[in-house]
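> Position one of the sequence shown corresponds to residue 2 (the numbering used here), numbered consecutively onward. Input: one structure, supplied below.
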Amino acid sequence: MSTHSPLQIGVTGGIGSGKSLVCRIFQAFGVPVYAADDRAKWLTQHDPILKADIIRLLGKEAYDVQGQYNRAFVASHVFHNPDLLRQLNGLIHPRVYADTLNWVQQQHYPYVIKEAALMKAAGDHNTLDKVVVVHAPEAVRIERIHRRDPHRSETEIRNIIARQISDEERFRIADFIVYNDEGQLLLPQLATLHRTLLDLANQ
Numbered sequence: 002m003s004t005h006s007p008l009q010i011g012v013t014g015g016i017g018s019g020k021s022l023v024c025r026i027f028q029a030f031g032v033p034v035y036a037a038d039d040r041a042k043w044l045t046q047h048d049p050i051l052k053a054d055i056i057r058l059l060g061k062e063a064y065d066v067q068g069q070y071n072r073a074f075v076a077s078h079v080f081h082n083p084d085l086l087r088q089l090n091g092l093i094h095p096r097v098y099a100d101t102l103n104w105v106q107q108q109h110y111p112y113v114i115k116e117a118a119l120m121k122a123a124g125d126h127n128t129l130d131k132v133v134v135v136h137a138p139e140a141v142r143i144e145r146i147h148r149r150d151p152h153r154s155e156t157e158i159r160n161i162i163a164r165q166i167s168d169e170e171r172f173r174i175a176d177f178i179v180y181n182d183e184g185q186l187l188l189p190q191l192a193t194l195h196r197t198l199l200d201l202a203n204q
């Protein structure tokens, strides 16, 4: 496989599943990782075309007087307005997609990881070759979220989980499942998966 065409592996999972930890371990293995959600936040702040589009859609209040993206203002406007949220995503997603393609072309490793909370099956209107789903039982996820964010109530955490897609939906798009359930060791699973992905990339 050309060094300019690495295998593209998606990593996804619900809040509290540990997908970011999994991606940090892949980085420790030397694998390039693109965090789509973090990158989207960066682009809303730094991409001048995207900033202009967001201001056209939502008004000047979308950015504060210092030019910082006004998340509270944006969230309050799109939270109860699905059509406005769809339009906002319609502005952000193409910029992230273009940014991703540019990033992938700069990588010189057999495969790359793309981390995102929302993901489709590999090849379903995306450039992914395989999808890895990080799974943990809901009770474990609630405990983890509460530990890192103690001001959130259990009800609030359950509501966040309920708004995300279900485990069954994630399993349907999974080519590989990593169990981060505090019952199975995570590192051996990822070491095995890393070797599998290297083999796939070098076929």
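Where is the CB? At the ideal position from N, CA and C, for every residue including glycine. Because the structure is a prediction, the values reported are computed rather than measured.
(1) Taking all protein chains shown into account, decide if residue 114 is buried (16 or more other Cβ within 10 angstroms of its Cβ) or exposed.
(2) Pairing CB atoms from the region 54–65 with CB atoms from the region 82–102, are three or more of them under 8 Å?
(3) Between which two residues does the alpha helix (DSSP H) holding residue 88 run?
(4) Just verifying my parser: in three-state terms, what is the DSSP assignment at residue 177?
(5) Rounded to a whole number of angstroms, what is the C-alpha to C-alpha distance between residue 131 and residue 66?
(6) Compute the beta-carbon to beta-carbon distance between residue 181 and residue 188, rounded to the nearest angstrom, for a pair I have assumed lies under 8 Å.
(7) With 16 as the cutoff for other CB atoms within 10 Å, does residue 116 come out buried or exposed?
(8) Among all the DSSP beta bridges, which residues are the ones paired with residue 64?
(9) Go ahead and label residue 9 buried or exposed: buried means 16 or more other beta carbons lie within 10 angstroms of its beta carbon, across all protein chains shown.
(10) Where DSSP assigns a beta bridge to residue 133, which residues make up the other side?
(11) Which full runs of the alpha helix (DSSP H) of 4+ residues lie inside the region 135–197, going along the chain?
(12) Taking the beta carbon of residue 45 as the centre, do at least 16 other beta carbons fall within 10 Å, making it buried, or is it exposed?
(13) So, residue 128 versus residue 35, is the Cβ gap smaller than 9 Å?
(14) Thinking residue 162 and residue 142 are a contact (beta carbons under 8 Å), I'd like their distance in whole angstroms, please.
(15) Counting Cβ pairs closer than 8 Å, one from the region 21–30 and one from the region 144–159, do we hit at least three?
Taking the geometry as given:
(1) Classification for residue 114: buried.
(2) Counting C-beta pairs closer than 8 Å gives three or more between the region 54–65 and the region 82–102, which meets the contact rule.
(3) 83–106
(4) The answer is strand: DSSP assigns residue 177 an E or B state.
(5) 43 Å
(6) No, residue 181 and residue 188 are not in contact; Cβ-Cβ is about 11 Å, not under 8 Å.
(7) buried
(8) 70
(9) buried
(10) 12 and 177
(11) 139–149, 155–164 and 168–174
(12) buried
(13) no
(14) 7 Å
(15) These segments do not touch.
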